[in-house]
Amino acid sequence: MEIYFFIIPVGLIFIGLAIRFLFWALKSGQYDNLETEANRILFDDDTPLEQPAKPQPAATGKDSSPDKVD
1 MEIYFFIIPV GLIFIGLAIR FLFWALKSGQ YDNLETEANR ILFDDDTPLE
51 QPAKPQPAAT GKDSSPDKVD
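Each residue of the sequence shown is one higher than the one before, counting from 1 in UniProt numbering.
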């Protein structure tokens, strides 16, 4: 029974924080435009992303260690 003296206030604090967070999200405009983000995944980007550079082939023979000076 003594645990109720701890659990009930903690639960009320969590509920208060959740309500405060909800009002903060509403005030800051988090829920103003829900359709744009949902539709963004359906359409391709207008500009393609840059292609990654092709890897250079590995050097063989004497040229494999460029730090070596003759």
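By construction, the Cβ of each residue, glycine as well, lies at the ideal position given by its N, Cα and C atoms.
With H, G and I counted as helix, E and B as strand and the rest as coil, what does DSSP make of Leu-42? coil
Determine the direct distance from the alpha carbon of Thr-36 to that of Asp-46, and round the result to whole angstroms. 16 Å
Reduced DSSP secondary structure (H/G/I, E/B, other) of Lys-27: helix
Glu-2 by DSSP, collapsed to three states: which one? coil
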